[in-house]
Amino acid sequence: KAGVTQTPRYLIKTRGQQVTLSCSPISGHRSVSWYQQTPGQGLQFLFEYFSETQRNKGNFPGRFSGRQFSNSRSEMNVSTLELGDSALYLCASSFGSRFPDREENFGPGTRLTVT
Amino acid sequence: GNSVTQMEGPVTLSEEAFLTINCTYTATGYPSLFWYVQYPGEGLQLLLKATKADDKGSNKGFEATYRKETTSFHLEKGSVQVSDSAVYFCALSDQKGSSNTGKLIFGQGTTLQVKP
Numbered sequence: 004k005a006g007v008t009q010t011p012r013y014l015i016k017t018r019g020q021q022v023t024l025s026c027s028p029i030s031g032h033r034s035v036s037w038y039q040q041t042p043g044q045g046l047q048f049l050f051e052y053f054s055e056t057q058r059n060k061g062n063f064p065g066r067f068s069g070r071q072f073s074n075s076r077s078e079m080n081v082s083t084l085e086l087g088d089s090a091l092y093l094c095a096s097s098f099g100s101r102f103p104d105r106e107e108n109f110g111p112g113t114r115l116t117v118t
Numbered sequence: 043g044n045s046v047t048q049m050e051g052p053v054t055l056s057e058e059a060f061l062t063i064n065c066t067y068t069a070t071g072y073p074s075l076f077w078y079v080q081y082p083g084e085g086l087q088l089l090l091k092a093t094k095a096d097d098k099g100s101n102k103g104f105e106a107t108y109r110k111e112t113t114s115f116h117l118e119k120g121s122v123q124v125s126d127s128a129v130y131f132c133a134l135s136d137q138k139g140s141s142n143t144g145k146l147i148f149g150q151g152t153t154l155q156v157k158p
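From first to last, the protein sequence lines are chains A and B.
First residue of the first sequence? That's 4 in our numbering, and the numbers climb one at a time after it.
First residue of the second sequence? That's 43 in our numbering, and the numbers climb one at a time after it.
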């Protein structure tokens, strides 16, 4: 079975621009979550989607948004990029809906650099 | 709120040494507990998990026991290899009230370096 795929793998943007990152979950998985990883803040939860509905959102400004499509693929968007948005963005998919029946399978991440 | 605390790294060991990485947590309810591993340039891989008190998760020689009385989930391995060099993250499933949120809360990560 193919794992979680994320595109692009690397991205360089300029302050003020916007960016869209894409995530394709493992086939059959309906839950997708996004995390931001930085050296200073570690791994922080962005949002979670299940069957096209956002169920949870982390403490990030409104510039961070996302959506999930009917085929479970997900995108996240960051508008008006700031230098502090430079990070590794990780997507995870899960077959189960809730813990303890849920197990996150992470993709390789998209490395975003904002200059 | 819920949180996870891991021992500071880096941890440097010789091959075949015994490994312990400490992890303690603060949580309401009954979270699931996880250990993830991240190799350079890659995403996170689930190493093991435990979903209730006294459960032992194990995989690839690593193991951890869910200790509710000490709120701990320490990672151990009897004999490490150079290929175990990576960053290890302890995590718990977040809960609000009686329902879980589908969100993981991670510790800061512990870098393990194993020398030949």
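For every residue, glycine included, the Cβ atom is placed at its ideal position computed from N, Cα and C.
The model shown is predicted, which means the values in this text are computed figures rather than measured ones.
Item: Three-way DSSP call (helix, strand, coil) for residue 97 (chain A) in this model; Value: strand
Item: Three-state secondary structure assigned by DSSP to residue 69 (chain A); Value: strand
Item: Within chain A, partners of residue 84 (chain B) - CB distance below 7 Å; Value: 111
Item: CA nearest to the CA of residue 82 (chain B), picked from B:90, B:128 and B:150; Value: B:128
Item: For residue 126 (chain B), the three-state DSSP class (helix, strand or coil); Value: helix
Item: Residue 86 (chain A) - DSSP class collapsed to helix/strand/coil; Value: helix
Item: Partners in chain A for residue 74 (chain B), counting only beta-carbon separations shorter than 7 Å; Value: 102 and 103
Item: Proximal residues to residue 109 (chain A) (C-beta, below 6 Å), its chain only, five neighbours per side dropped; Value: 93 and 95
Item: Three-state class that DSSP yields for residue 96 (chain B) in the structure shown; Value: coil
Item: 7 Å Cβ cut-off: residues of chain B touching residue 58 (chain A); Value: 144
Item: Closest Cα partner of residue 66 (chain B) within the set B:155, B:149, B:157 and B:154; Value: B:149
Item: For residue 79 (chain B), the first and last residue of its enclosing beta strand (DSSP E); Value: 75-80
Item: Other residues of its chain near residue 53 (chain A): CB distance less than 7 Å, five sequence neighbours each side excluded; Value: 33, 34 and 100
Item: For residue 38 (chain A), the three-state DSSP class (helix, strand or coil); Value: strand
Item: Rounded straight-line distance, which links the Cα of residue 144 (chain B) to that of residue 105 (chain A); Value: 8 Å
Item: Partners in chain A for residue 93 (chain B), counting only beta-carbon separations shorter than 8 Å; Value: 102 and 103
Item: Interfacial residues, the region 64-93 of chain A to chain B, with Cβ spacing under 7 Å; Value: 93
Item: Sequence-distant residues of its chain with Cβ nearer than 8 Å to residue 146 (chain B) (five each side left out); Value: 76, 133, 134, 135 and 136
Item: Under 7 Å by beta carbon: chain A residues contacting residue 155 (chain B); Value: Within 7 Å Cβ-Cβ: nothing; residue 155 (chain B) doesn't reach chain A, min ~17 Å.
Item: Residues that residue 45 (chain A) contacts on chain B, provided the C-beta gap is smaller than 8 Å; Value: 148, 149, 150 and 151
Item: Through-space distance from residue 95 (chain B) to residue 112 (chain A), alpha-carbon basis; Value: 32 Å
Item: Within 9 Å, strictly: CB atoms of residue 61 (chain B) and residue 117 (chain B); Value: yes
Item: Environment of residue 28 (chain A) [buried if 16+ CB atoms lie within 10 Å]; Value: buried
Item: Own chain, CB closer than 7 Å to residue 10 (chain A), minus 5 neighbours either side, in chain order; Value: 25
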